[in-house]
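Reading the sequence shown from the start, the letters are residues 0 to 366 in numbering that gives the first Met the number 0.
All C-beta atoms, glycine included, are put in the ideal place defined by N, C-alpha and C.
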Amino acid sequence: MVSLAYLDPGNLETDLQAGSSHRYELLWVILIGLVFALIIQSLSANLGVVTGWHLAELCKAEYPTWVRICLWLLAELAVIAADIPEVIGTAFAFNLLFHIPVWVGVLITGSSTLLLLGLQKYGVRKLELLVALLVFTMAACFFIEMSIVKPPSKEVIHGLFVPSLSGSGATGDTIALLGALVMPHNLFLHSALVLSRNTPSSVRGIKDACRFFLFESGVALFVALLINICIVSVSGTICNSSKLSPDDSAKCSDITLDSSSFLLRNVLGKNSAVVYGVALLACGISSTITGTYAGQYIMQGFLDIKTKQWLRNLMTRSIAIVPSLIVAIIGGSSGAGRLIIIASVLFSTIWCIHCLSIQTAFTESSD
């Protein structure tokens, strides 16, 4: 479930832009970014396993009230900023597949997410199974796309392991790729999800659990890496093809989520555009589920709100749906949300590291 933050529509759009402008040269950025993500995510998981509390609960216990409220607001801003491109990306998928307005797609996304979150009453494992199914659907779609365009394997491997920033705008696209991999709410989510597992209280049991969650995160992020490679490779191969018409080349120069579907349909045919739409839909729905789930833990941990689960889901979902709907009505997704995420990641990382350094919490849990 945690890996979906690295497969959201924001990642999809930056991958498409990086591939169209630089082919496979920036694949190394994704590799390095996900390696660092694995390190930070493992720290977050260790925090939950060792202390028995998730990050939001530890922040509530460690900081005074006024600091806790400020941290909660920053965390909510991070969730909203991450959720806006996810919700609007899903709305673009509905628009592509069913030709409905984007703002209507936003409303459908919000209601469908709440319905899918109803699986929580059957346990977290059922929700994780649903998310795994959506990830498999998304992966299958992009691997099908990759098999159609057949990118040169040597150039893909070279771009993955040999750093390069040649070409106009390479630095900006590198920052965009790294920004798309910055997901501060994931730290709250991961530290909470590990608490649903039955972890032994012995020192050896805790160490074994930490190793298991590291392996589990590694496998999940490796799958995320493969899918991101597929997206960049598909975009880089299509947009740099010698068979492109001048009109298609113009579309590649400013490719976005809502325009890339038409480009794929023109170049690869109608069926490929449908495949792209299904992948975008799976990508958006699964990432909005995890965003809402993270928002629940943030609200519950920082504010200790005791309320019914469906009401908490509705409150968390509405926080992101309202700005997404406004953005969709005014003119689509903007890049302002990404700036909030980049600013917020510093705070969430500091909280995680600070809580990991609290000797009393680790001592009490080991006793």
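6 angstroms Cβ shell around residue i - same chain, five flanking residues per side excluded
{"i": "L96", "result": "G276"}
{"i": "A179", "result": "G9, N10 and T13"}
{"i": "W71", "result": "F301"}
{"i": "L224", "result": "L33"}
{"i": "G235", "result": "G18, R22 and Y23"}
{"i": "T209", "result": "Reading off the sequence, residue 209 comes out as Cys, not Thr. Contacts found: N45 and V48."}
{"i": "A175", "result": "T13"}
{"i": "G383", "result": "In the structure as shown, the chain starts at 0 and stops at 366, and residue 383 therefore has no counterpart that could be examined."}
{"i": "E154", "result": "Y23"}
{"i": "I320", "result": "G109"}
{"i": "L192", "result": "none"}
Contacts around residue i, its chain only, beta-carbon distance under 7 angstroms, and the 5 residues preceding and following it disregarded
{"i": "T170", "result": "L164"}
{"i": "V344", "result": "In this prediction, V344 has a pLDDT of 47, which is less than 50 and means its spatial position is unreliable; what the coordinates show is noted afterwards. Answer for V344: V181 and P183, listed in chain order."}
{"i": "I143", "result": "V274"}
{"i": "N239", "result": "R22"}
{"i": "L420", "result": "With the chain covering 0 to 366 only, the question about residue 420 has no answer from this structure."}
Alpha carbon of residue i to alpha carbon of residue j, nearest angstrom
{"i": "S244", "j": "Y62", "result": "59 angstroms"}
{"i": "R203", "j": "N185", "result": "27 angstroms"}
{"i": "S252", "j": "A74", "result": "35 angstroms"}
{"i": "H53", "j": "K242", "result": "53 angstroms"}
{"i": "V233", "j": "L132", "result": "22 angstroms"}
{"i": "A139", "j": "V231", "result": "15 angstroms"}
{"i": "L76", "j": "S43", "result": "20 angstroms"}
{"i": "H98", "j": "G104", "result": "10 angstroms"}
{"i": "I254", "j": "S20", "result": "9 angstroms"}
{"i": "I205", "j": "I237", "result": "48 angstroms"}
{"i": "V86", "j": "I107", "result": "10 angstroms"}
Local Cβ density within 10 Å of residue i, reported as buried at 16 or more and exposed below that
{"i": "T64", "result": "exposed"}
{"i": "N227", "result": "buried"}
{"i": "P100", "result": "exposed"}
{"i": "F35", "result": "exposed"}
{"i": "R67", "result": "buried"}
{"i": "F141", "result": "buried"}
{"i": "N197", "result": "exposed"}
{"i": "P150", "result": "buried"}
{"i": "I156", "result": "exposed"}
{"i": "V1", "result": "buried"}
{"i": "F160", "result": "exposed"}
{"i": "L3", "result": "buried"}
{"i": "G336", "result": "Below a pLDDT of 50, predicted positions are generally treated as unreliable, and G336, at 40, falls in that range; no measurement from the model is reported."}
Assumed close pair residue i, residue j - CB separation to whole angstroms, cut-off 8 angstroms
{"i": "A81", "j": "M182", "result": "6 angstroms"}
{"i": "V28", "j": "T173", "result": "5 angstroms"}
{"i": "L188", "j": "A293", "result": "4 angstroms"}
{"i": "G168", "j": "L26", "result": "So it is not a contact: roughly 16 angstroms between Cβ atoms."}
{"i": "L15", "j": "S259", "result": "5 angstroms"}
{"i": "A92", "j": "L279", "result": "4 angstroms"}
Close Cβ partners of residue i (< 8 angstroms) along its chain, the five nearest in sequence each way excluded
{"i": "L6", "result": "V134, M137, A223, I226, N227, C282, S285 and S286"}
{"i": "W102", "result": "A90, L324, A327 and I328"}
{"i": "S41", "result": "C209, F212, L213 and S216"}
{"i": "P322", "result": "I79 and I83"}
{"i": "N94", "result": "P100, V101, G104 and D257"}
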